[in-house]
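Residues are numbered in the working numbering as their position in the sequence shown, beginning at 1, plus a constant of 3. By construction, the Cβ of each residue, glycine as well, lies at the ideal position given by its N, Cα and C atoms. Each remark here refers to the structure printed beneath this line.
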Amino acid sequence: MIPRYSRPEMVAIWEPRTKFRIWFEIEAHAGDAMADLGTIPRENAQAVWAARDVEFDIDRIDAIEAETRHDVIAFLTHLSEIVGADNARFVHQGMTSSDVLDTTFNIQLVRAADILVADMEALLAALRRRAFEHKDTIRIGRSHGIHAEPTTMGLTFARFYAEMDRNLRRLKTARAEVATGALSGAVGTFANIDPRVEEYVCDKLGLMPEPISTQVIPRDRHAAFFAALGVVASSIENIATEIRHMQRTEVLEAEEFFAKGQKGSSAMPHKRNPVLSENLTGLARLVRMAVVPALENVTLWHERDISHSSVERNIGPDATVTLDFALARLTGLIEKLVIYPDRMQDNLHRFRGLVMSQRVLLALTQAGVSREDAYRLVQRNAMKVWEQGADFKTELLADPEVTDALSRDEIEEKFDLGYHTKHVDTIFDRVFGPA
């Protein structure tokens with residue numbers, strides 16, 4: 004997590020002051036619940052709330068931790084200094100550090116997910132707008148990087164919209180997966196704390212009580228969360244890679260917005276590089292780096308070990324901050340992406356009708372030619388286009404084996420571009436719903 008690829012709202016979730024504020028709220032709400040149950044005196048619970056508006060001294064907490072080598076104890080010691088030792092003597096009653104740490108981590112992930120959901124909704128809006136803008140902008144589709152058959156730029160945007168819409172549903176599911184809290188004690192048995200305390204605190208903090216925990220909340224929940232982030236990152240890279248290919252000089256059907264005064268190369272003044280898309284490709288790799296460690300965190304010894312902790316202190320902020328930045332950057336890129344319809348037409352016709360080969364193949368088979376012979380006839384004429392620069396339709400019309408099966412009008416009709424876009428409305432209805 005570095006400032007260059009960070010946005011303030013997401014960064015704030017992971018700052019120490021936010022973490023300590025959540026720790027305080029967990030402890031204070033737990034005190035209220037215990038007072039309601041008659042476990043601790045009401046006045047002690049109320050006294051803890053005296054720190055409600057206090058700005059915790061991070062340097063002081065760090066100094067205490069340097070001596071105690073325990074972050075939660077350091078915080079509790081500092082809290083005791085603020086509210087008084089006698090008032091604080093029932094704080095953390097029957098709880099273990101992981102009750103605070105795990106519940107806090109999940110709150111942070113939920114808050115991060117809420118930002119990411121908003122990011123994705125903004126991206127979806129941009130993709131939808133561009134899809135309808137270029138619904139009928141015909142371009143050549145490619146498979147294996149080679150010209151295949153005509154499609155539209157609108158369908159390209161719609162495809163990315165559908166992919167990100169699936170990701171939005173995955174992210175919302177992942178958010179629900181980690182929206183649990185646990186205050187169940189040293190091994191999850193509630194030996195020294197009433198389960199109703201957990202229920203009360205979770206309700207106050209917008210979480211569900213973890214149905215069964217050990218000393219920690221099960222890490223399969225977090226594995227699913229970070230896996231969802233990884234899929235989103237891969238979809239970002241998918242879109243970015245498409246843009247990078249479309250901006251290649253030989254293709255140049257789309258281009259990142261190039262601002263006045265922007266420079267593309269220190270050595271070559273003519274360069275206009277797809278730097279944002281390339282950057283997004285790299286950021287996607289960083290987000291995916293969190294996935295395997297999160298999966299490996301699922302395995303812990305018995306009721307808990309600490310092997311997951313160092314991992315989560317890194318991947319929690321790094322993955323969410325980076326993905327937040329990447330989604331915002333991609334949204335801006337899509338909104339300003341320059342589309343070149345004329346260049347799309349040039350590329351579409353570059354191989355002089357060759358991309359209509361399947362239509363001719365099907366027409367020949369429907370006219371009674373065997374598939375093997377039809378394929379031979381079409382390929383024979385197609386190779387002349389590849390190797391000699393011939394015109395595909397002209398070659399077909401000059402081939403007696405083809406014209407024995409198909410009339411001139413039938414061959415001409417097979418080169419109608421509208422044939423390939425006749426179901427665009429149906430696809431749009433499937434993706435976006437009926438107009």
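Same chain, Cβ closer than 7 Å to residue i, neighbours up to 5 away in sequence not counted
i    : result
L174 : A116, L119, V120, M123, A231, V235
A322 : F229, L232, V290, A293
D168 : L127
V14  : V324
V190 : T217, Q218, E306
V94  : E30, G34, V51, L79, L82
A3   : The structure shown does not extend to residue 3, since the chain is modelled only from 4 through 438, so no value can be given for it.
P296 : V314, I318
Given residue i as reference, the closest of the options once Cα atoms are compared
i    : options                : result
H147 : G87, L112, H248        : H248
R275 : G285, A257, T284       : A257
T284 : V301, L330, F261       : L330
C205 : T252, I141, V113, D56  : V113
E253 : L171, A179, L351, R224 : L351
R222 : G209, A185, A91        : A185
F431 : R132, D394, M98        : R132
F160 : I141, T176, H150       : I141
F261 : V295, Y422, D65, G335  : G335
K22  : F59, A38, R10, P11     : F59
D419 : T406, V434, L357       : L357
R92  : Y8, A53, A48, V405     : A48
S9   : L326, G421, Q391, T368 : L326
G319 : Q361, T107, T183, T406 : T107
Which of helix, strand or coil DSSP assigns to residue i
i    : result
R355 : coil
F418 : coil
S268 : Residue confidence is low: S268 scores 49 on pLDDT, short of 50, so the model does not pin down where it sits. No coordinate-derived value is stated.
M211 : strand
G144 : strand
G87  : coil
V51  : helix
I342 : strand
I5   : coil
I337 : helix
H150 : strand
H155 : The question names His, but residue 155 in the sequence shown is Thr. In the structure shown, T155 sits in a strand (DSSP, three-state: E or B).
E256 : coil
A116 : helix
F93  : coil
N350 : helix
M98  : coil
A38  : helix
K425 : coil
L303 : coil
S410 : coil
D376 : helix
Cβ shell of residue i (< 8 Å), same chain only, five flanking positions each side left out
i    : result
D402 : L380, R383, N384
E398 : N384, K387, V388
Y378 : L364
V427 : K138, D139, T155, G157, L158
F354 : H150, V388, W389, F395
Local Cβ density within 10 Å of residue i, reported as buried at 16 or more and exposed below that
i    : result
K396 : buried
G436 : exposed
M347 : buried
I25  : buried
S268 : At S268, the pLDDT of 49 sits below 50, so the modelled position is not reliable and the matter cannot be decided from this model.
V341 : exposed
K425 : exposed
I242 : buried
P19  : exposed
A366 : buried
T176 : exposed
S410 : exposed
Residues of its chain near residue i, where Cβ-Cβ distance is below 6 Å and the 5 sequence neighbours each way are ignored
i    : result
A287 : A236, I239, E240
I64  : A77, F78, H81
L255 : R346
V301 : R222, D223, A226
E338 : A129
### Query
Unbroken alpha helix (DSSP H) runs of length 4 or more, entirely within the stretch 157-208: which are they?
Taking only runs of at least 4 residues, the alpha helix (DSSP H) segments lying wholly in the stretch 157-208 are 198-208.
#### Entry: Length at least 3, wholly inside the stretch 218-253: the beta strand (DSSP E) runs in chain order
Fully enclosed beta strand (DSSP E) runs of 3 or longer: not present.
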